[in-house]
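Using my numbering, you'd call the opening residue of the sequence shown number 8 and step up by one each time.
The beta-carbon is built from N, C-alpha and C at its ideal position, and this holds for glycine as well.
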Amino acid sequence: MNSAPYDLYGKSILVTGGTGSFGESFVRRVIQEFAPRRLSILARDEYKQFHMAEKVHGPTVRYVVGDVRDPGRLQRVFADVDVVVHAAAMKHVPIAEFNPIECIRTNVLGAENVINAAIDSGVDRVVALSTDKATNPINLYGATKLCSDKLFVAANSLVGEGGTRFSVVRYGNVVGSRGSVIPFFKERRKTGRLPITDARMTRFWITMDKGVDFVLRVLTMMDRGEVFIPKQPSMRMVDLATAVAPECEQEITGIRPGEKIHEVLIPADESGQTLEFDNFFVIQPAFHESWGLKLSDVYAGQRGRPVAPGFEYRSDNNPEWMTAEALHLLTRD
């Protein structure tokens, strides 16, 4: 339970969706700081793999073309793998709404395929990446990620003691990631006007480096079935727009379908299972006793504090806020 630091040296590591922003940053970090036996990047777009391979390579790095929708392919590539970081997903809200079954096939059925391949191949640990949109979802993307989270938590009931461990990491928007609003604002500032859907809107923000740090930390902390949430600052979208392009006029365009004013990372309904630590939260699994698992309240050498009944971790009531000046330091060209 919450044993000594998990040693990635000599391990075989596989990252699904590994050509995305997180995957590339995670692979770079592992190459720099560890000596894995093999580091495999699984993705379905060979064009992205080709360009990433020109920048990120090494004697143990392998680029593998494949799709989490294809269970047979996963059975092959998961062979002799110790650690899986599952980052593959359809993430664009409007595209998911217009193509719902495609989003379900990747985010839900793909999660099932990853779980089955990991168990069948004897993978030691699987960390699945989630999103704030999985909490109290109002769009299809969020609903599929909530379902994915539930699948990875429940997967622990399929294995006995000593079998594959599954846990989830959930955080908000990543500063500067591909497809995020910051690159969009940088492009639109050429027009002198930035569209803001609602002046009240707030979001959680985390840097890519901190996201990678936290996933690496969770590989050590995880037992079974936890959802780990790093503490992260909130920011008003109007302040973010000011940080990116202070010279631009801001135009309020109205909230889009499937969009929230504020995001939630821990819902009130799960406050009874939530522990708070110095710089992260842990939502412990509700059904662990049926797995024969006795959970501890100690993670990373800290004893967790139960949160108050009805506690919510929301982007609008967050005690930590990022200023426009602080974000500017992270986003300046």
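Should S241 and N325 be called a contact, given that it needs their Cβ atoms to be closer than 8 Å?
-> Yes, the Cβ-Cβ distance between S241 and N325 is below 8 Å.
Any C-beta of chain D under 8 Å from that of V245 | In the structure shown, chain D cannot be found, because there is only a single protein chain.
Would you kindly report the start and end of the unbroken beta strand (DSSP E) that includes F235?
-> Judged by DSSP secondary structure, F235 falls within the beta strand (DSSP E) whose first and last residues are V234 to P237.
Straight-line CA distance for Y54 to G25?
-> C-alpha separation (whole angstroms): 13 Å.
In the segment 190-277, which residue ranges form an unbroken beta strand (DSSP E) of at least 3 residues, counting only runs that do not cross its ends?
-> With a minimum length of 3 residues, the continuous beta strand (DSSP E) runs that stay inside the segment 190-277 are 200-203, 209-213, 234-237, 241-243, 256-259 and 271-273.
What residue does the alpha helix (DSSP H) around Y13 start on, and which one ends it?
-> No alpha helix (DSSP H) holds Y13; DSSP gives it neither H nor E.
Below 6 Å CB to CB, which residues in the same chain sit around I290 once its five sequence neighbours on both sides are set aside?
-> V234, E277, Q280 and T281.
Go ahead and label H64 buried or exposed: buried means 16 or more other beta carbons lie within 10 angstroms of its beta carbon, across all protein chains shown.
-> When all chains shown are included, H64 counts as exposed.
Helix, strand or coil for F159, going by three-state DSSP, please let me know.
-> Three-state DSSP puts F159 in a helix.
Nearest neighbour of R195, chosen from E40, G218 and E254 [CA to CA] = Residue E254 is the option with its Cα nearest to R195.
Can you list, in chain order, the residues of its chain whose CB lies under 6 Å from that of R321, leaving out five sequence neighbours each side?
-> Counting only Cβ-Cβ distances below 6 Å, and skipping sequence neighbours, we find H269 and V271.
Neighbourhood of V92 by C-beta distance below 6 Å, restricted to the same chain and skipping five residues each side | If you ignore the 5 residues before and after V92, its C-beta comes within less than 6 Å of the C-beta of V22 and V134, all in its own chain and listed in chain order.
Among D131, A250, G149 and P144, the one whose alpha carbon lies nearest that of V188 | Of the candidates D131, A250, G149 and P144, the residue whose Cα lies closest to the Cα of V188 is A250.
Cutoff 6 Å; reference A103; Cβ partners in own chain excluding five residues on either side = Once the five neighbours on either side are set aside, the close Cβ partners of A103 are M97, C110, L147 and Y148.
Classify H58 as buried or exposed, calling it buried when 16 or more other Cβ atoms lie within 10 Å of its own Cβ.
-> H58 sits exposed, since fewer than 16 C-beta atoms from the chains shown fall within 10 Å of its C-beta.
Does the distance from the C-beta atom of Y178 to that of G232 stay below 8 Å?
-> The beta carbons of Y178 and G232 sit no closer together than 8 Å.
Where the alpha helix (DSSP H) through V37 begins and ends | V37 -> alpha helix (DSSP H) spans S28 to E40.
Where H295 falls, given that 16 or more other Cβ within 10 Å makes a residue buried | H295 sits buried, since 16 or more C-beta atoms from the chains shown fall within 10 Å of its C-beta.
Just to confirm, are G258 and R200 a CB contact at a threshold of 8 Å?
-> Going by the sequence as given, residue 258 is Glu instead of Gly. Yes. Within cutoff.
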